[in-house]
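Notes for the one structure printed next.
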């Protein structure tokens, strides 16, 4: 039995992508029956995995943080103190940090690196976080016994950027939640009606609205479709507004007003699963992803994604979708039209998508991670 210290601070709401990773990994590790987990939550420890949004970060901290100089650094110091004081007084076999920066620990450790977007796109992250990562991330890589990345692409990027021995890094793909599964029009009808949508009659894109998601290409490709097709197939955009969206917002205004583009913002996970399952295709021409969960979620619903042939997306999607250049709007438009008009082709590709998704599960992620723990312990 491995006694594991897991930093679960990312589970405190609002839940981010790293929080999703931490929660699903922890749930599957507990099912293995080979790991005894202790969870660290910001200022304390628990044997319980928080899976409810009722466990939130302090409202007081959130309110006063903007008025405190060096608030990020102070919070980081407090977290490190609370973590190491307890962890080093207990007999943990290993410590797993799922969020880039290791805390002090006298023993073998594993750190998960999801991407290097803060290096490539620093303007899309809070300044304090970028400053902290620039200052402490290299040391985290040096200190870790072993390193996990979400994809082979990120592994190679870390090796190139930081001159890390590739034998210290293992790419372990993520999984997909069971709520993302194929659904009939009867199953999706109630949810889709709430958003004014019809099953298999819309294009979907999911993710924060920011430059690296390449939504401008999706918009250009959509506008190139015949007006008769756009009339019956709106482009549905799910995700919060990010950085530098003014130009894109201006370009979308007329199509939003005509109803051809639907901006849904953030929606509950249950609704997202239904809307994903009801889509004709997921349009995801992102120029940079550490993994790309939305395409995997679409494939798990037997919905073929159209993704860019950049970063990690080709290895995640494999034969389960269509890959286009992130600068080729014509190719994207052609792929969208083909999936909307050629139902046998759409169905065939959907079968391939589902088969690919079934190869990437949280259970497999947990098993690979457990074996990595064993290896890290043996190396220390």
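Numbering (the UniProt record's numbering), first residue to last: 1 to 380.
Every residue, glycine too, gets a C-beta built ideally from N, C-alpha and C.
Nearest to residue i (by Cα), restricted to the options the options
| i | options | result |
| --- | --- | --- |
| residue 111 | 380, 120, 142 and 127 | 142 |
| residue 102 | 76, 299 and 280 | 76 |
| residue 302 | 355, 230 and 368 | 355 |
| residue 294 | 146, 197, 204 and 253 | 204 |
| residue 366 | 379, 35, 169 and 193 | 35 |
| residue 41 | 113, 21, 22 and 11 | 11 |
| residue 19 | 32, 33, 99 and 262 | 99 |
| residue 121 | 278, 227, 213 and 21 | 213 |
| residue 263 | 246, 269 and 239 | 239 |
| residue 229 | 342, 360 and 85 | 342 |
| residue 50 | 82, 9 and 84 | 9 |
| residue 360 | 378, 374 and 318 | 318 |
Buried or exposed (CB count within 10 angstroms, at least 16 for buried), residue i
| i | result |
| --- | --- |
| residue 336 | buried |
| residue 96 | buried |
| residue 232 | exposed |
| residue 108 | buried |
| residue 126 | exposed |
| residue 190 | exposed |
| residue 69 | The predicted position of residue 69 is uncertain, since its pLDDT is 48 and thus under 50; no value can be drawn from it. |
| residue 333 | buried |
| residue 184 | exposed |
| residue 323 | buried |
| residue 56 | Residue confidence for residue 56 is low, a pLDDT of 46 falling below 50, so the modelled location carries little weight; the figure read from the coordinates is stated next. Classification for residue 56: exposed. |
| residue 33 | exposed |
| residue 74 | exposed |
| residue 268 | exposed |
| residue 78 | exposed |
| residue 227 | exposed |
| residue 21 | buried |
8 Å Cβ cutoff met for residue i and residue j
| i | j | result |
| --- | --- | --- |
| residue 29 | residue 370 | yes |
| residue 116 | residue 150 | no |
| residue 331 | residue 283 | no |
| residue 304 | residue 353 | yes |
| residue 297 | residue 276 | yes |
| residue 5 | residue 92 | yes |
| residue 287 | residue 234 | no |
| residue 208 | residue 242 | yes |
| residue 291 | residue 316 | yes |
| residue 124 | residue 177 | no |
| residue 202 | residue 158 | no |
| residue 362 | residue 24 | yes |
| residue 43 | residue 82 | yes |
| residue 280 | residue 200 | yes |
Those residues which DSSP pairs with residue i across a bridge
| i | result |
| --- | --- |
| residue 45 | 40 |
| residue 265 | 238 |
| residue 96 | 6 and 110 |
| residue 305 | 282 |
| residue 170 | 148 |
| residue 247 | According to DSSP, residue 247 bridges with nothing at all. |
| residue 209 | 241 |
| residue 183 | Its beta-bridge partners do not exist; DSSP assigns none. |
| residue 323 | 307 |
| residue 203 | 235 and 281 |
| residue 419 | Residue coverage of the chain in this structure runs from 1 to 380, which leaves residue 419 outside it and unanswerable. |
Close beta carbons around residue i, own chain, < 6 Å, minus the five adjacent residues each side
| i | result |
| --- | --- |
| residue 329 | 217, 220 and 221 |
| residue 105 | 87 and 95 |
| residue 273 | 179 and 180 |
| residue 311 | 153, 288 and 289 |
| residue 255 | 261 |
| residue 299 | 320, 353, 356 and 357 |
| residue 271 | 191 |
| residue 350 | 302 and 304 |
Residues near residue i by beta carbon distance below 7 Å, same chain, minus five either side
| i | result |
| --- | --- |
| residue 144 | 102, 109, 110 and 111 |
| residue 89 | none |
| residue 338 | 345 |
| residue 196 | none |
| residue 252 | 219 and 261 |
| residue 67 | Here residue 67 scores only 44 on pLDDT, less than 50, and its place in the model should not be relied on; the value that follows carries that caveat. Taken in chain order, the list of residues that qualify is empty. |
| residue 62 | With a pLDDT of only 46 at residue 62, under 50, the local geometry of the prediction cannot be trusted, and no value is derived from it. |
| residue 130 | 118 and 122 |
| residue 198 | 192 |
Contacting residues, own chain, Cβ-Cβ under 8 Å from residue i (five flanking each side not counted)
| i | result |
| --- | --- |
| residue 170 | 146, 147, 148, 149, 155, 368 and 372 |
| residue 172 | 148, 149, 150, 365, 368, 369 and 372 |
| residue 38 | 3, 4, 5, 6, 45, 46, 47, 90 and 92 |
| residue 138 | 162 |
| residue 224 | 329, 330 and 333 |
| residue 17 | 114 and 293 |
| residue 60 | Residue placement at residue 60 is poorly supported in this model, since its pLDDT is 42, which falls under 50; the coordinates are not used for a value here. |
| residue 248 | 209, 215, 216 and 219 |
| residue 31 | 363 and 366 |
Any non-hydrogen atom of the ligand ADP within 7 Å of residue i CB
| i | result |
| --- | --- |
| residue 242 | Although the ligand ADP was asked about, the structure shown includes no ligands whatsoever. |
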